[in-house]
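Undergrad: Just add 23 to the spot in the sequence shown (first one is 1) and you have the numbering used here.
Input: one structure, supplied below.
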Amino acid sequence: MSNPTHPKCGKSYPGGSTAGHCSGCCETFIGLSSFEAHRRGDHGVDRRCEITDKHWTDARGYWHVGAKLTEEQKAKMWGADQ
Ligand SMILES: [Zn+2]
Ligand SMILES: [Zn+2]
Numbered sequence: 024m025s026n027p028t029h030p031k032c033g034k035s036y037p038g039g040s041t042a043g044h045c046s047g048c049c050e051t052f053i054g055l056s057s058f059e060a061h062r063r064g065d066h067g068v069d070r071r072c073e074i075t076d077k078h079w080t081d082a083r084g085y086w087h088v089g090a091k092l093t094e095e096q097k098a099k100m101w102g103a104d105q
């Protein structure tokens, strides 16, 4: 499994549909809802990136929103080699 890298910032991020790297703020979000939740305002008006108080980061520095994962869930997602 190889992670894509964003040329603009050189950060790598998990590929696939479960994670998204924002080309605006160069933060990585796990899950569509956490990505959507940081996009504020309206397109073409005052669209901007904003981390909300519902967001939290995991040990890799990726953003999530909502309930925190348990250690067991993390191990399932990412394997035990963290
Ligand atoms: Zn952003
Ligand atoms: Zn980036």
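Beta carbons: idealized from backbone N, C-alpha and C, even for Gly.
1. At the level of alpha carbons, what is the spacing between Thr75 and Thr51?
2. Alpha carbon to alpha carbon, how far is Arg70 from Glu59?
3. Select from Cys72, Ser57, Lys99 and Ser56 the residue whose C-alpha is nearest the C-alpha of Arg63.
4. With a cut-off of 8 Å on the beta carbons, I'd call His66 and His78 a contact; round off their distance for me.
5. Using DSSP's beta-bridge definition, name the partner residues of Asp88.
6. Anything with a beta carbon under 6 Å from a heavy atom of ligand 2 counts; list them all in chain order.
TA: On the basis of the coordinates in this document:
1. When rounded, the distance between both Cα atoms is 14 Å.
2. Computed Cα separation, rounded: 12 Å.
3. The shortest C-alpha separation from Arg63 is found at Cys72.
4. With 8 Å as the limit, His66 and His78 do not qualify as a contact, their Cβ atoms being about 21 Å apart.
5. With the sequence shown as reference, residue 88 is identified as Val, and Asp is not the correct amino acid for it. Val88 is bridged to His78.
6. A residue is listed when its beta-carbon falls short of 6 Å from at least one non-hydrogen atom of ligand 2; in chain order these are His29, Lys31, Cys32, Lys34, His44 and Cys49.
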